[in-house]
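Visitor:
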Amino acid sequence: MRTSRTTIRSRTRLRLAGALAAALVAAGLATGPAAQADERHRPAPTLAELAQRHGRYFGSATDNPELTDAPYTALLGSEFDQITPGNGMKWYATEPERGVFDFSQGDEIVDLARAHHQKVRGHTLVWHSQLPDWLTGREWTAAELRAVLKKHIQTQVRHYRGKVFAWDVVNEAFNEDGTYRETVFHKTLGPGYIADALRWAHQADPHVKLYLNDYNIEAIGPKSDAYHRLAKELRAEGVPLHGIGFQTHLALQYGYPATLEENLRRFSRLGLDTALTEVDVRMQLPADETKLATQAAWYRDLTKACLAVRRCVGITLWDYTDKYSWIPGVFPGEGAALPWDEQLRPKPAYFAIREALGGR
Ligand code: XIL
């Protein structure tokens, strides 16, 4: 078919008019029925887009076995701008035999993130849990374990250099009363293993943000005080520590950590970033409307607390749907902890987060 010049010119004019209308709508300047129709059909901004307006990210953990679930990965890829591997970068997965590294699971998550323009939090380098048998099944001298730890940290951090923006270098180092947890690392190397781990990680990637991460430190109390003290010491000694990760595994039956915002702020004052790294709000099952409403209010409040503190850089859910939550497996009789239900339908908590982020 031949196309005349006039048709091309009028098509160009039409396209320009369309572009102008779109720009006016985007700028909030267009009115009238057409603009209102456009407004109705415009997809709601995602949690990530809403968080970006505040200079924050909004993320979710995910796990390799879930990645075959297409509706699940579609939402994961569209709603969030940050992901954390739930298990794939843990020691048992990445160094299953001494000196033999396997980054396949972590790489799968990193590749997925890249495809969706998401950033990745590395989780985790040093933790007492989910260690390989070769490490837990024997005694170590301090010199041996130091060498093992250094090699593990540096090999993994080097592998993910430029691919993760932050690492949970040490996970769950303290007990509830603020004393050091008696892990194989503490027992064999003393408390200095934390500073060493941070220094080794920094050598392997001088640009990545290094975090200490723990649960039950959302409120001010003996455990968060221990982190505050340690962070202050480490900073004074020039140890490369950049942030504190508040896991934020909350439970309705234990009450909301009302001092969260104040607590985040005192860590900011040490010159540290903070992040809510593993958020979920569990409840005793069955869920009902009242519990779901309370849960929504908690999600709203924790989101607002992060937004209120300049150096709280972002929020990560510990997966986003009840379908893949770790809670029922670990806390029998509890669950319904996430903002999307098992059918991937948004719950009141999802709408509460949107509202806290300033979306409608
Ligand atoms: C959990 C995972 O989600 C589960 O799949 C696994 O079985 C156990 O670990 N704190 C952490 C996370 O730092 O690594 C934990 O993740 C949840 C508690």
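Positions in the sequence shown are counted from 1; adding 1081 to them yields our numbering.
Don't be surprised by glycine CBs; every beta carbon is placed ideally from N, CA and C.
Let me know the secondary structure DSSP gives Pro-1429 once reduced to three states.
Guide: Mapped onto the sequence shown, residue 1429 falls at position 348. Residue state, collapsed to three classes: helix.
Visitor: Could you check whether the Cβ of Gly-1167 sits closer than 6 Å to any heavy atom belonging to the ligand XIL?
Guide: Numbered from its first residue, the sequence shown carries residue 1167 at position 86. Yes.
Visitor: Extract the residue ranges of the beta strand (DSSP E) inside the segment 1171-1211, only unbroken runs of 3 or more that lie entirely within it.
Guide: Within the segment 1171-1211, the complete beta strand (DSSP E) runs of at least 3 residues are 1200-1207.
Visitor: Short of 6 Å in beta carbon distance, which residues of its chain neighbour Pro-1321, apart from the five on each side in sequence? Order them along the chain.
Guide: Residue numbering aside, residue 1321 sits at position 240 when the sequence shown is read from its first letter. Excluding positions up to five away in sequence, the list reads Leu-1279, His-1283, Leu-1291.
Visitor: Output the boundary residues of the beta strand (DSSP E) element that contains Leu-1331.
Guide: Reading the sequence shown from its first residue, position 250 is the one you call residue 1331. Start and end: 1330-1332.
Visitor: If you scan the segment 1213-1270 from start to end, which runs of the beta strand (DSSP E) of 3 or more residues do you find wholly inside it?
Guide: You should have 1247-1252.
Visitor: Let's test the definition: count the other Cβ atoms within 10 Å of the Cβ of Asp-1295 and tell me whether it reaches 16, buried, or not, exposed.
Guide: Taking the sequence shown and counting its residues from 1, the one referred to as residue 1295 is at position 214. When all chains shown are included, Asp-1295 counts as buried.
Visitor: Is Val-1060 near Leu-1398, with beta carbons less than 7 Å apart?
Guide: Past the edges of the chain, shown from 1082 to 1441, lies residue 1060, and the structure says nothing about it.
Visitor: So, for Ala-1129: in the same chain, excluding its five sequence neighbours on each side, which residues have a beta-carbon less than 6 Å away from its beta-carbon?
Guide: To locate residue 1129, count along the sequence shown from 1; it is residue 48. Contacts found: Phe-1139, Phe-1161, Asp-1162.
Visitor: Taking all protein chains shown into account, do 16 or more other C-beta atoms lie within 10 angstroms of the C-beta of Val-1394, making it buried, or fewer, making it exposed?
Guide: Looking up residue 1394 in the sequence shown gives position 313. Classification of Val-1394: buried, given that the 10 Å Cβ count is 16 or more.
Visitor: Just grab the DSSP bridge partners of Cys-1030 for me.
Guide: Because the chain is modelled from 1082 through 1441, residue 1030 falls outside the range shown and cannot be assessed.
Visitor: Can at least three beta-carbon pairs, one atom from the segment 1324-1331 and one from the segment 1364-1373, be found at a separation below 8 Å?
Guide: Because the criterion of three Cβ pairs below 8 Å is not met, the segment 1324-1331 and the segment 1364-1373 do not touch.
Visitor: Confirm the yes/no value for this check: CB of Asn-1297, any heavy atom of the ligand XIL, distance under 6 Å.
Guide: Here residue 1297 is taken as the residue at index 216 of the sequence shown, counted from 1. Every heavy atom of the ligand XIL is 6 Å or more from the Cβ of Asn-1297, so no.
Visitor: Classify Gly-1187 as buried or exposed, calling it buried when 16 or more other Cβ atoms lie within 10 Å of its own Cβ.
Guide: Counted from its first residue, the sequence shown places residue 1187 at position 106. Looking at its Cβ environment, which holds 16 or more other Cβ atoms inside 10 Å, Gly-1187 is buried.
Visitor: Under a three-way DSSP split, which group does Ser-1406 fall into?
Guide: For this step, residue 1406 is matched to residue 325 along the sequence shown. Coil, per DSSP.
Visitor: Quick one: does the C-beta of Asn-1252 sit closer than 6 Å to a heavy atom of the ligand XIL?
Guide: Sequence index remark: in the sequence shown, residue 1252 carries index 171 (1-based). Asn-1252 Cβ: within cutoff of the ligand XIL.
Visitor: So, for Asn-1256: in the same chain, excluding its five sequence neighbours on each side, which residues have a beta-carbon less than 7 Å away from its beta-carbon?
Guide: The sequence position of residue 1256 within the sequence shown is 175, counting from 1. Only Arg-1262 meet the Cβ criterion.
Visitor: Between the beta-carbon of Met-1170 and the beta-carbon of His-1197, is there less than 7 Å?
Guide: What you label residue 1170 is simply residue 89 of the sequence shown in a count that begins at 1. What you label residue 1197 is simply residue 116 of the sequence shown in a count that begins at 1. Not in contact: Met-1170 and His-1197 (Cβ atoms no closer than 7 Å).
Visitor: Am I right that His-1240 and Phe-1184 are in contact with their C-beta atoms under 8 Å? What's the rounded C-beta distance?
Guide: In the sequence shown, counting from the first residue as 1, residue 1240 sits at position 159. In the sequence shown, counting from the first residue as 1, residue 1184 sits at position 103. His-1240 to Phe-1184, Cβ: 5 Å. Contact.
Visitor: Can you name, in chain order, every residue of its own chain whose Cβ lies under 7 Å from the Cβ of Gly-1113, other than the five neighbours on each side?
Guide: Stepping through the sequence shown from its first residue, residue 1113 is reached at position 32. Reliability of the predicted coordinates at Gly-1113 is poor, the pLDDT of 48 falling under 50, and the value obtained from them is presented with this limitation in mind. Excluding sequence neighbours, Gly-1113 sits near nothing in its chain.
Visitor: Which of the three DSSP states, helix, strand or coil, is assigned to Ala-1307?
Guide: Translated into the one-based positions of the sequence shown, residue 1307 becomes position 226. Ala-1307: helix per DSSP, three-state reduction.
Visitor: Hey, would you say the C-beta of Trp-1407 is under 6 Å away from at least one heavy atom of the ligand ADP?
Guide: Among the ligands present in this structure, namely the ligand XIL, the ligand ADP is not found.
Visitor: Check Gly-1440 in the structure and name its three-state DSSP category.
Guide: Numbered from its first residue, the sequence shown carries residue 1440 at position 359. Three-state result, Gly-1440: coil.
Visitor: Would the beta-carbon of Ala-1386 fall within 7 Å of that of Leu-1425?
Guide: Translated into the one-based positions of the sequence shown, residue 1386 becomes position 305. Translated into the one-based positions of the sequence shown, residue 1425 becomes position 344. Not closer than 7 Å, so no.
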